[in-house]
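Novice: Residue numbers (the working numbering), protein chains in the order written: chain C, 6 to 936; chain X, 6 to 936.
Before I ask anything, let me first share the structure, which is written out below as structure tokens.
Number of protein chains: 2
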Amino acid sequence: MAEKRVWLFREGNKDLKDLLGGKGANLAEMTRAGLPVPYGFTVTTATCWEYVEAGHKFPKGLLDDVKKALADVEKRSKKQFGNPKNPLLVSVRSGAKFSMPGMMDTVLNLGLNDEVVEGLAELTANPRFAYDCYRRLIMMFSDVVKGTGKDDYEEALEAIKHRLGVTFDYDVPAEALKELVDTSKKIYKKHLGEDFPQDPMVQLEAAIGAVFESWDTPRARTYRDSEGIPHNLGTAVNVQMMVFGNTGEDSGTGVAFTRDPSTGEKKIFAEFLLNAQGEDVVAGVRTPLDIMAMAKRWPSIYQEFVAICKQLETHYRDMQDMEFTVERGKLWVLQTRNGKRTAGSAVKIAVDMVKEKLISVEEALMRVGPATLDQLLHKRVDRDQVKKQGTKPVAVGLNASPGAAAGIAVFDADTAAARGEAGEAVILCRIETTPDDIHGMLVSKAVLTSRGGKTSHAAVVARGKGLPCVAGCESLKMDLAGRKFTGPGGEVVKEGDWITVDGSSGEVYAGQVPLVDPEIGKDFQAFLKMADKVRRLGVRTNADEPGDAAKAIEMGAEGIGLCRTEHMFMAPERLPAVQEMILADDEETTAKALAKLLPMQREDFIGIFEAMGGRPVTIRLLDPPLHEFLPHKEEILEEFFTLRAKGEKKARQAELEAMLRRIEQLEESNPMLGVRGCRLGLLRPGINEMQVRAIIEAACDLKKRGKKVAPEIMIPLIGIVTELSTVRTQLEAVAQQVMKEQGVKVAYKFGTMIEIPRAALTSGEIAEHAEFFSFGTNDLTQMTFGYSRDDAEGKFIGRYLDMGILAESPFNSIDEAGVGRLVELSVKEGRAARPDLKCGICGEHGGDPASVEFCHRVGLSYVSCSPFRVPIARLAAAQAAIKEQGGAQPPAVAAKPAPAKKTATKKAAPKKATAKKATPKKTATKRARSK
Amino acid sequence: MAEKRVWLFREGNKDLKDLLGGKGANLAEMTRAGLPVPYGFTVTTATCWEYVEAGHKFPKGLLDDVKKALADVEKRSKKQFGNPKNPLLVSVRSGAKFSMPGMMDTVLNLGLNDEVVEGLAELTANPRFAYDCYRRLIMMFSDVVKGTGKDDYEEALEAIKHRLGVTFDYDVPAEALKELVDTSKKIYKKHLGEDFPQDPMVQLEAAIGAVFESWDTPRARTYRDSEGIPHNLGTAVNVQMMVFGNTGEDSGTGVAFTRDPSTGEKKIFAEFLLNAQGEDVVAGVRTPLDIMAMAKRWPSIYQEFVAICKQLETHYRDMQDMEFTVERGKLWVLQTRNGKRTAGSAVKIAVDMVKEKLISVEEALMRVGPATLDQLLHKRVDRDQVKKQGTKPVAVGLNASPGAAAGIAVFDADTAAARGEAGEAVILCRIETTPDDIHGMLVSKAVLTSRGGKTSHAAVVARGKGLPCVAGCESLKMDLAGRKFTGPGGEVVKEGDWITVDGSSGEVYAGQVPLVDPEIGKDFQAFLKMADKVRRLGVRTNADEPGDAAKAIEMGAEGIGLCRTEHMFMAPERLPAVQEMILADDEETTAKALAKLLPMQREDFIGIFEAMGGRPVTIRLLDPPLHEFLPHKEEILEEFFTLRAKGEKKARQAELEAMLRRIEQLEESNPMLGVRGCRLGLLRPGINEMQVRAIIEAACDLKKRGKKVAPEIMIPLIGIVTELSTVRTQLEAVAQQVMKEQGVKVAYKFGTMIEIPRAALTSGEIAEHAEFFSFGTNDLTQMTFGYSRDDAEGKFIGRYLDMGILAESPFNSIDEAGVGRLVELSVKEGRAARPDLKCGICGEHGGDPASVEFCHRVGLSYVSCSPFRVPIARLAAAQAAIKEQGGAQPPAVAAKPAPAKKTATKKAAPKKATAKKATPKKTATKRARSK
């Protein structure tokens with residue numbers, strides 16, 4: 006006995022996707038929600054497979070079932086299929102469980118024939134519309150159902166338009182369309198050797214059969230094989246009454262959002278056109294009316310419309326984007342779906358709906374994509390304006406730090422600093438930046454480099470500072486000496502010319518393009534507070550100075566996860582002492598230079614500790630190789646060779662030669678893998694000792710003034726446990742000594758970065774000497790992949806993404822299979838050795854939502870990211886916690902439809918039967934209510 | 006009831022180390038072997054701990070046990086302790102299970118007093134000897150037992166020597182020594198407020214107590230804590246009869262090896278001095294006599310001596326180094342131990358002893374240190390000659406490739422090539438070498454660099470070629486432009502001056518120092534064949550050209566594990582085509598350049614395949630970054646800036662600028678982590694395609710000529726499975742195409758290097774696309790540690806070794822905790838995915854014995870190393886297999902003492918009892934023999 010093959014819309018629900026297809030289940034759900042959905046029915050997916058299995062024949066009895074369902078539609082619509090006086094027209098659409106390319110789409114207006122079309126013309130008093138519907142039916146039927154293609158039909162229309170001298174379809178008058186109907190019928194006969202079927206039931210049967218056939222084409226089979234979709238699912242067929250918004254002044258059509266999709270305001274946002282069909286809205290030829298016009302014109306319809314919007318939100322528990330039509334004074338809802346929205350709107354809607362008790366906090370949090378929050382935190386290019394102006398970017402590089410800014414191009418850090426401090430808006434343009442460009446970057450509105458990836462120095466610093474940055478814009482020819490750059494199209498930008506840099510898209514514009522302000526507000530704050538309640542993962546920030554620290558606290562940071570000390574060494578007034586220390590040949594000179602740096606470092610830390618108000622501050626001891634603090638070799642070479650060739654300035658030559666020798670001594674083939682981090686600390690312990698002294702002196706200073714302070718000293722680049730134990734022993738002595746001198750005890754921790762694969766692999770022994778681990782996933786990614794971040798993104802990662810070798814840059818989102826495996830293993834083995842081991846992440850990944858989720862899953866204590874990504878991390882952490890608990894649940898109090906059981910899909914027919922038998926219970930409910 | 010506290014030597018055996026200490030067990034074992042060991046006894050380690058626990062008091066009854074044992078010694082020696090007529094003198098020595106610094110050492114000549122010394126003088130007719138013994142006893146007793154130090158005693162001796170005007174102790178006459186005895190007694194009284202004890206038993210008791218005390222000093226406790234040695238072990242005390250070789254013309258003393266320690270010849274090698282004590286032999290003041298002199302003088306003693314040598318070898322089953330003394334015609338063996346020997350001797354002895362059925366093949370193989378084989382494969386500095394000449398090295402660098410060579414210093418590869426090809430012995434001296442120095446290296450006798458580690462380019466190439474190399478000789482100032490180098494002492498070596506480079510020690514000499522030839526021979530061959538029978542691990546070689554391949558086969562290689570193709574690209578006649586290809590802007594130029602290279606590559610592979618005669622050849626596709634094939638940037642910069650400053654040659658300036666731009670395009674911050682290996686292959690697929698074409702064309706060529714060939718194509722630097730699948734798909738197509746063109750089918754494999762940590766971590770999925778894995782442990786070590794091999798060894802690994810942060814450079818021996826863990830995981834997960842996955846290692850570690858053992862343990866299929874390390878790997882692999890099976894077992898037929906059970910240590914006393922009861926069984930054995 007076959008299962009029920011044809012379901013009226015009002016019989017189904019959204020959980021019957023297997024049986025009714027996505028579209029059918031959706032139409033059923035809307036109907037079930039009590040919405041005025043045009044009547045119709047669905048032929049099940051199982052029937053389609055029956056058809057295929059039976060050798061492409063209609064199963065026995067199907068046509069009767071269809072006719073029965075159609076009779077129900079006729080009854081409810083009070084129209085008749087094929088009756089010229091009061092014609093019911095229907096659409097036929099396929100609707101499988103999974104959307105599939107190549108499947109039959111849509112045939113509209115079935116039920117028209119030579120006679121019915123005249124009736125429709127009369128009924129609507131719109132012959133143009135009626136003939137247009139008919140000629141479209143003939144074309145669609147011929148093309149979609151019979152497979153002829155539609156070129157000949159389109160040609161015929163073009164010929165008429167040409168003859169009449171009109172440009173648009175809607176300018177073709179009724180008479181010409183009537184003529185086109187005749188031509189179309191001729192074309193049909195020419196192609197198919199038979200007349201266009203005048204019997205509506207023949208049309209309908211053919212259309213349903215065509216949908217079934219489209220499931221079993223070779224193309225569809227190949228697609229399913231490649232996607233692993235079973236062949237025996239079949240597609241459903243939806244047959245639905247057509248409604249028309251163009252049947253006179255009491256008709257119309259429109260689209261509506263139940264709340265404002267750009268601001269989130271709880272206010273219906275709708276546009277509609279009087280006496281028009283959906284296509285007219287899309288074509289945009291007439292200006293739509295505001296929804297208030299509807300309120301004035303049709304107050305009762307408007308009331309119903311508002312009620313429906315409310316009902317929709319209550320039913321779907323989200324802001325809806327709906328299509329509606331008014332046909333002769335009757336409102337119909339054609340489609341509804343969750344509406345797309347801006348980040349700001351998403352946040353407001355989520356917060357409001359929690360207040361309205363429509364959704365739970367968890368649901369609200371799951372409704373906003375963490376990455377979209379970025380929009381709320383930076384200025385951005387006004388794309389609409391730019392589009393209108395027709396402005397095109399000069400070049401496109403990597404979108405390395407979000408936000409947009411305009412400024413005048415400058416080509417070195419000193420000029421940037423000078424002009425920037427003089428109040429000009431400057432944008433620093435370099436081939437790439439190094440730590441000694443920092444002073445120039447800090448005063449710039451944005452940074453542009455022609456080399457380097459998203460984790461290049463420029464990108465990292467820019468993100469840390471919230472500066473827009475386009476990096477690795479390789480198509481630009483950067484001519485620093487000539488103080489200009491040239492775009493790939495030959496456009497030249499000279500120093501002082503205005504440019505606009507969009508770090509969100511990677512675009513670089515000549516001149517100033519319009520920008521829009523970031524959207525921040527109390528809703529955003531409220532939203533993030535909800536996230537904080539739900540998340541388990543801590544969120545810290547990467548910040549190197551008090552300003553950043555304060556900004557990060559504003560963004561919700563709970564501590565500093567990474568305070569780099571190298572930028573402190575780069576300040577112009579300190580660099581001489583730093584270089585003196587580097588060039589020192591003996592202990593005494595070294596000590597003298599370090600003594601100069603000590604008070605400055607102490608002040609740095611006092612500032613940061615004060616800004617953080619007792620929150621933990623993880624300070625990384627000096628990490629980069631020393632040569633980064635010396636002048637560039639090529640500059641010295643240029644001066645040296647030039648002087649030598651001219652035979653000039655022997656003394657200066659000797660000086661340069663000495664400097665060169667130093668630089669060469671420090672030179673490394675692969676500085677990334679060289680003397681830096683703890684290696685440097687072990688070779689030149691004085692630097693670390695000075696830093697620890699400065700940290701503890703600063704901490705003592707705060708403590709003496711009654712302030713809270715929680716320093717965590719981080720030893721970088723550990724690969725061998727003995728490195729850590731040696732350095733720690735040496736530095737513990739310094740810390741103890743300082744506390745003795747100061748007569749104050751402060752609590753401090755020692756820990757290490759896990760950024761060398763070997764450290765991760767030997768975490769058990771390392772944890773015995775570390776109170777915390779901080780995963781430096783930038784370096785860990787570099788070494789685990791064997792990628793140099795300064796080169797890889799520009800040189801091959803882009804190609805890898807194009808070729809599909811990488812799905813995502815491992816510098817953007819943590820590579821779970823490789824790098825992640827090391828992190829997981831390290832956390833596990835580290836905690837086995839020291840159960841209270843604090844584990845955090847301080848690589849760029851700390852601000853990437855997918856990576857944050859990973860960090861949550863492997864049980865990290867916190868993530869740390871740049872201040873402007875803190876809100877993103879807070880939300881991502883909350884979402885991770887929600888996902889872990891099996892997803893968001895609706896609020897207990899919310900009105901919600903009883904969820905249909907999963908098994909219903911398979912046992913739909915018997916269930917239906919049970920439902921019918923349940924009628925007495927319904928009565929009981931009514932009785933209960935009436936009490 | 007206390008356990009037996011005092012053991013006569015004849016009661017113990019070598020397995021009682023826990024109870025008797027190492028020394029005591031050894032003396033017991035010698036006695037047990039029937040050797041004429043001076044009689045004595047051991048006070049057990051347990052007694053020492055009893056003493057400590059009892060509050061530093063002799064356990065009750067101990068002194069009686071000692072006296073009883075002493076009586077036994079008196080009886081056997083026919084001497085009496087304290088009897089001036091026939092005095093027994095004894096030594097007291099400590100002997101713990103583990104040797105420990107700070108423990109009491111030795112007191113000799115106990116039993117002497119004012120009376121006995123006169124008797125001894127008379128008995129030996131050597132008053133000088135007697136007084137010298139006595140004054141030494143007083144000094145040692147005072148110092149060692151009473152802890153006074155010996156400065157005052159030494160001073161008194163010096164005063165006498167000064168007064169007499171003599172230089173050496175042995176020139177001090179008897180009378181003066183008698184006087185020194187008196188002075189010594191006064192010093193003793195002054196220090197200790199009592200007379201030197203005249204009662205020999207008091208002397209003995211005090212000496213035993215002092216040994217016990219030395220176990221429990223704070224210094225000893227601290228040491229044991231740091232080494233994790235339990236405190237309650239205690240030390241044993243050995244009391245042994247003194248024998249004297251200086252009691253007249255019927256006495257003497259000497260040392261002997263049971264076989265020749267330098268050649269291994271089965272011939273006793275001994276030296277002895279008539280009428281002398283051991284010190285005299287050590288002092289080297291009299292020329293010792295040949296052993297044949299003993300044969301002539303004392304034929305019967307000589308017979309006994311020869312018999313003892315044979316007995317010793319039979320008992321210890323190894324060549325012995327023994328000390329002996331003849332006291333008044335009686336031969337005593339004082340000490341015996343396995344003799345130290347040269348590698349050549351070790352090999353010969355091992356082979357001979359197997360033939361003699363004295364040891365098993367496995368034992369023979371375990372007797373030779375694999376690393377020592379290196380001596381047999383290279384010339385070396387004649388240390389004796391150099392010492393005699395008093396020649397000192399100019400500087401010492403890293404011993405990067407073993408062997409020594411002399412030649413004239415040259416400072417660039419072209420000069421080396423020119424003068425070398427003209428027949429001069431040249432040594433290439435560079436700051437560091439690069440692939441384009443290869444032609445100069447190949448004609449050099451040795452290579453010297455002032456920068457770079459043991460895995461620097463120079464070192465790797467040199468080892469591959471068997472060339473001596475001293476690398477990273479940082480104390481040399483290398484002045485390439487000045488064509489000279491200057492040593493740290495100011496010595497200048499100019500181009501054309503002779504130098505000698507010792508790559509085994511790292512020493513660099515000015516001039517020519519005497520060298521000795523490598524020792525190779527049939528014993529060595531026989532020895533390695535034994536190894537081959539035992540080992541499970543395959544041994545391949547790293548070889549890039551037919552010459553190396555042939556050499557490696559001679560050394561026993563079973564295939565090529567790594568054939569690098571970059572050296573082929575470096576040949577001077579090819580470089581232009583290679584550079585043309587690199588500089589090409591379009592497909593066509595690239596293709597043209599590659600077409601030039603194709604026939605050359607094909608010839609390369611034909612040559613190698615032929616040399617390998619069907620053995621597998623793993624060819625790595627081009628790996629290094631392309632910039633390595635271009636000129637050095639600094640050279641171009643020098644020319645460019647010089648021309649510009651002089652305003653000369655505009656055209657050349659433009660040309661240089663263009664070249665610079667190219668170089669800059671290819672420039673990378675960390676080339677090690679940049680575009681190379683499969684990354685290069687994916688960006689410029691033409692290179693790989695040309696190489697695979699050349700490989701398969703070469704293979705087809707051999708096949709057509711009826712020759713066997715087994716190419717294995719290796720794709721380097723895989724980190725992501727999709728890299729491998731993409732490259733492999735593309736190259737399989739080339740291989741298939743070539744075979745179609747050639748009309749021949751050849752079997753080939755595709756595999757990958759595992760040298761990126763991520764590859765190891767994702768081995769399961771990678772193995773699905775690879776038929777073999779080859780662990781590139783050089784790069785894997787670099788990335789797992791985050792070390793750049795070109796910098797790390799020179800810049801910080803040395804310091805790390807000094808500081809104890811590293812126990813060994815991870816580039817020398819595989820780091821099991823980190824790199825090894827990745828290898829193990831990779832093998833396991835790779836084989837889980839593909840059970841027949843062939844796994845090898847082709848890093849430098851393939852020739853390091855400890856690493857070979859690791860490779861065996863984790864189940865690799867083979868190791869691959871440079872040709873000259875193949876024999877080392879063969880032996881190391883055999884030893885690994887033997888260790889895995891629980892160590893070497895003696896041959897079934899060999900006479901061997903029944904091994905004492907472990908439990909004997911704790912239950913020594915009852916066991917002894919059992920042994921006594923077993924006497925009837927012994928008789929039974931005798932009876933059986935007599936049949």
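We put the beta carbon where it would ideally sit given N, CA and C, even for glycine.
Small disclaimer: the values here were computed from a predicted structure and weren't measured.
Can you give the Cα-Cα distance for G257 (chain X) and E184 (chain X), rounded to whole angstroms?
Specialist: The residue you call residue 257 (chain X) lines up with position 252 of the second sequence. The residue you call residue 184 (chain X) lines up with position 179 of the second sequence. If you take the alpha carbons of G257 (chain X) and E184 (chain X), they lie about 27 Å apart.
Novice: Is the Cβ of D549 (chain C) closer than 8 Å to any Cβ of chain X?
Specialist: Here the question's residue 549 (chain C) lines up with position 544 in the first sequence. It does not: the Cβ of D549 (chain C) has no partner Cβ on chain X nearer than 8 Å.
Novice: Note down, in chain order, every chain C residue with its Cβ under 9 Å from the Cβ of R385 (chain X).
Specialist: Within the second sequence, numbered from 1, the residue matching residue 385 (chain X) stands at position 380. Within 9 Å Cβ-Cβ: nothing; R385 (chain X) doesn't reach chain C, min ~32 Å.
Novice: Using a Cβ cut-off of 8 Å (strictly closer), state whether M788 (chain X) contacts chain C.
Specialist: Residue 788 (chain X) sits at position 783 when you count from the first residue of the second sequence. Yes, because at least one Cβ of chain C sits closer than 8 Å to the Cβ of M788 (chain X).
Novice: Does DSSP put N131 (chain X) in a helix, a strand or coil?
Specialist: Indexing the second sequence from 1 puts residue 131 (chain X) at position 126. In the structure shown, N131 (chain X) sits in coil (DSSP, three-state: anything other than H, G, I, E or B).
Novice: What are the boundary residues of the alpha helix (DSSP H) that includes R302 (chain C)?
Specialist: Residue 302 (chain C) sits at position 297 when you count from the first residue of the first sequence. I296 to R302 is the extent of the alpha helix (DSSP H) around R302 (chain C).
Novice: According to DSSP, which residues form a beta bridge with Y193 (chain X)?
Specialist: Counted from its first residue, the second sequence places residue 193 (chain X) at position 188. Answer is none; Y193 (chain X) lacks a bridge partner.
Novice: Please list, in chain order, the residues of the stretch 773-799 of chain C that have any C-beta partner in chain X closer than 8 Å.
Specialist: The stretch 773-799 of chain C vs chain X, Cβ under 8 Å: D784, Q787, M788, T789, F790, G791, Y792, S793, D795, D796 and A797.
Novice: CB-CB under 6 Å to K907 (chain X), same chain, minus the five flanking residues each way: which ones, in chain order?
Specialist: In the second sequence, counting from the first residue as 1, residue 907 (chain X) sits at position 902. Because the pLDDT at K907 (chain X) is just 42, under 50, the model does not fix this residue reliably, and the point stays unresolved.
Novice: Give every residue of the same chain whose Cβ lies closer than 8 Å to the Cβ of Y333 (chain C), excluding the five residues on either side of it in the sequence, and list them in chain order.
Specialist: Numbered from 1 along the first sequence, position 328 holds the residue referred to as residue 333 (chain C). Tyr is not the amino acid found at residue 333 (chain C); the sequence shown has Arg there. T252, G253, D255 and S256.
Novice: What are the residues of the stretch 708-733 of chain X that lie near chain C, defined by any Cβ-Cβ distance shorter than 8 Å?
Specialist: Those would be L722, G724, I725, T727, E728 and T731, in chain order.
Novice: Can you tell me where the alpha helix (DSSP H) holding S219 (chain C) begins and where it ends?
Specialist: The residue given as residue 219 (chain C) occupies position 214 in the first sequence. Note, S219 (chain C): alpha helix (DSSP H), P205 to W220.
Novice: Name the residues in the stretch 665-683 of chain X whose C-beta lies less than 8 Å from a C-beta of chain C; which are they?
Specialist: From the stretch 665-683 of chain X, only E673, S674, N675, P676, M677, L678, G679 and V680 have a Cβ closer than 8 Å to chain C.
Novice: For chain X, find out if any of its Cβ atoms is closer than 8 Å to the Cβ of P43 (chain C); answer yes or no.
Specialist: Counted from its first residue, the first sequence places residue 43 (chain C) at position 38. Judged by the 8 Å Cβ criterion, P43 (chain C) is not in contact with chain X.
Novice: Give me the Cα-Cα distance between A418 (chain X) and K534 (chain X), rounded to the nearest whole angstrom.
Specialist: Along the second sequence, one-based indexing puts residue 418 (chain X) at 413. Along the second sequence, one-based indexing puts residue 534 (chain X) at 529. For A418 (chain X) and K534 (chain X), the distance between alpha carbons rounds to 40 Å.
Novice: Could you spell out the range, first to last residue, of the alpha helix (DSSP H) harbouring Y955 (chain C)?
Specialist: Residue 955 (chain C) cannot be examined here, being either before or after the span of chain C that is shown, 6 to 936.
Novice: Which residues does DSSP list as the beta-bridge partners of M605 (chain X)?
Specialist: For this step, residue 605 (chain X) is matched to residue 600 along the second sequence. Answer is none; M605 (chain X) lacks a bridge partner.
Novice: For chain C, check one thing: does any of its Cβ atoms lie closer than 8 Å to the Cβ of K651 (chain X)?
Specialist: Within the second sequence, residue 651 (chain X) is the residue found at index 646, counting from 1. True, the Cβ-Cβ gap to chain C drops below 8 Å.
Novice: Chain C beta carbons: is any one of them nearer than 8 Å to that of M808 (chain X)?
Specialist: Here residue 808 (chain X) refers to the residue found at position 803 when the second sequence is read from its first residue. It does: the Cβ of M808 (chain X) has a partner Cβ on chain C nearer than 8 Å.
Novice: If you drop the 5 nearest sequence neighbours on each side, which residues of the same chain put their C-beta closer than 7 Å to that of T789 (chain C)?
Specialist: In the first sequence, residue 789 (chain C) corresponds to position 784, counting from 1. Cβ neighbours of T789 (chain C) beyond the five flanking positions: P762, G823, V824 and L827.
Novice: Classify G457 (chain X): buried if its beta carbon has 16 or more other beta carbons within 10 angstroms, exposed otherwise.
Specialist: Taking the second sequence and counting its residues from 1, one reaches residue 457 (chain X) at position 452. So G457 (chain X) counts as buried.
Novice: Taking 8 Å as the CB-CB cut-off, is F490 (chain C) touching chain X?
Specialist: Position 485 of the first sequence, counted from the first residue, corresponds to residue 490 (chain C). Cβ-Cβ to chain X under 8 Å: no for F490 (chain C).
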